[in-house]
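Using this note's numbering, the letters of the sequence shown map in sequence onto residues 5 to 298.
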Amino acid sequence: MQLTQLEYFIVVARLEHMSQAALELEVSQSSLSKTIGRLEDDIGVQLFDRKGKSIRLNEYGRIFYEKVEKALNDLQEAKTEIQELANIREDSVAINVMNSKLLPKLFYDFYKKRPNVKIRQYLLPDKLALQKLVCGEIDLMIVINPIKDDRIQWVPLFTEEVFLVVPKNHPLAAKESVSLIETKDEMFILSETGQNFRATENQLFERAGFTPNIAFEGEDLSIILQLVNEGKGISFIFKHSFLDQYLDNVKILEISNPDCFQTVGIAWNKKRKSSFVVNSFRDFAISFLKDSTI
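Here it is, written out as structure tokens:
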């Protein structure tokens, strides 16, 4: 029994279609059929029920599939662990981030330590990013507020202040700070419901004791702030956002009441095994971001 036979068997069993499996494996259908035939001869039983061009796993095949799939996964995990321990295989880290001015230096400093690691950075809407984190398409999220999901581990990194942002010609622009209740009759441009920053905004309104008038909701904070820049309403911005540099027609105000802060954390799927490099980046990010905001 050869490893190639087992790998071919897994594909045929998954697809239950010989020609499709041959295309996926990039081998001829006749060669694939012979390989599966030799595997069945080695085991001593038929693993598939065949009727014309139709092929289906039988009872023996289903049992064998479960065992082979686990064995191949264990072999791959063992190979990965050994390569990582020996430091002979550089890996990649896929991470969804928020628009924080702290992150470029984080990536740069980690890259200096591990120059062969490929960092794939995304700026996806929170709901989509969480979906990709759950299914393993991304490894980590740097995100506002805890994620309430049993599959996700979230660790706080730092707390940052949230400010009010208004057009320069707005009456409030004459002030340096405001109580949020002073804005109860204003038109707000807010993050879309479901976005993590919207949870922060909702908490602020709840603590201030009023329901806002909402002119626009969006998932892209840069568009929201550009609308404020164009005088279409008022909104919020957090301390470490880099978007303030693109706003030339706004005034950023401290909020004196209530205290306006949010907590930024890093999240990962605790149900999935992370690579050595992902774990290294996560630990580095936790240390770096906590130290950089002290």
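Positions of the beta carbon are idealized from the N, C-alpha and C atoms, including for glycine.
Notebook entry, point to check: Whole-angstrom Cβ separation of residue 146 and residue 200, contact assumed at under 8 Å?
Noted result: About 11 Å; that fails the 8 Å criterion.
Checklist line | Three CB pairs or more closer than 8 Å across the stretch 132-147 and the stretch 187-198 | finding: A contact is defined here as three or more CB-CB pairs under 8 Å, and the stretch 132-147 fails this definition with respect to the stretch 187-198.
Item checked: Same chain, Cβ closer than 8 Å to residue 266, neighbours up to 5 away in sequence not counted -> 148, 149, 163, 164, 166, 201, 204 and 242
Next item on the list: Would you identify the three-state DSSP class for residue 215, choosing helix, strand or coil?
Entry: Correct three-state label for residue 215: coil.
Note to self: Please report the straight-line C-alpha distance between residue 198 and residue 60, rounded to a whole angstrom.
What the structure shows: 44 Å
Notebook entry, point to check: DSSP state of residue 141, grouped into three classes?
Noted result: In the displayed model, residue 141 falls within coil according to three-state DSSP, outside both helix and strand.
Checklist line | Unbroken stretches of the beta strand (DSSP E), 3 residues or longer, contained in the stretch 234-266 | finding: 239-242 and 254-261
Notebook entry, point to check: Between residue 36 and residue 79, what straight-line distance do the alpha-carbon atoms span, to the nearest angstrom?
Noted result: 23 Å
Margin query: Check for me: the beta strand (DSSP E) holding residue 108 runs from which residue to which?
Written below: Run containing residue 108: none in the beta strand (DSSP E); it sits in the alpha helix (DSSP H), 107-117.
Checklist line | Spatial distance of residue 263 from residue 214 (CA atoms) | finding: Spanning the two alpha carbons is a distance of roughly 15 Å.
Item checked: Contacts around residue 161, its chain only, beta-carbon distance under 7 Å, and the 5 residues preceding and following it disregarded -> Same-chain partners within the cutoff: 268, 269, 270, 290, 293 and 294.
Note to self: Measuring only the C-alpha atoms, how far is residue 70 from residue 44?
What the structure shows: 16 Å
Margin query: For residue 281 and residue 179, I'd like the C-alpha separation in whole angstroms.
Written below: 48 Å
Item checked: Short CB-CB distance (under 8 Å) between residue 14 and chain D -> Checking the listed chains, one finds no chain D in this structure; it contains a single protein chain.
Checklist line | Validate contact between the stretch 100-113 and the stretch 124-137 using beta carbons, cut 8 Å, 3 pairs | finding: yes
Checklist line | Counted within 10 angstroms of its Cβ, other Cβ atoms place residue 72 as buried (16 or more) or exposed | finding: buried
Check: What three-state label does DSSP hand residue 45 in the structure shown?
Finding: helix
Item checked: Beta-bridge pairing of residue 5 - partner residues as DSSP gives them -> DSSP lists no partner for residue 5.
Notebook entry, point to check: Would the C-beta of residue 49 count as close to the ligand PLP, meaning under 7 Å from any of its heavy atoms?
Noted result: Of the ligands one can find in the structure shown there are none, so the ligand PLP has no counterpart to examine.
Margin query: Short of 8 Å in beta carbon distance, which residues of its chain neighbour residue 92, apart from the five on each side in sequence? Order them along the chain.
Written below: Here residue 92 scores only 46 on pLDDT, less than 50, and its place in the model should not be relied on; the value that follows carries that caveat. Once the five neighbours on either side are set aside, residue 92 has no close Cβ partner at all.
Check: Which of helix, strand or coil does DSSP assign to residue 50?
Finding: The DSSP-derived three-state label of residue 50 is coil.
Notebook entry, point to check: Pick from 118, 17 and 222: whose alpha carbon is nearest that of residue 130?
Noted result: 222
Check: My guess is that residue 257 and residue 182 are in contact by the Cβ rule of under 8 Å, so how many angstroms apart are they, rounded?
Finding: Their Cβ separation, rounded to whole angstroms, is 5 Å, which keeps residue 257 and residue 182 in contact under 8 Å.
Margin query: If I measure Cβ to Cβ from residue 14 and keep anything under 8 Å in the same chain, skipping five residues before and after, which residues do I get?
Written below: 69, 72, 73 and 76
Notebook entry, point to check: If you follow the alpha helix (DSSP H) that residue 98 is part of, which residue opens it and which one closes it?
Noted result: That residue, residue 98, is in no alpha helix (DSSP H); its beta strand (DSSP E) goes 96-100.
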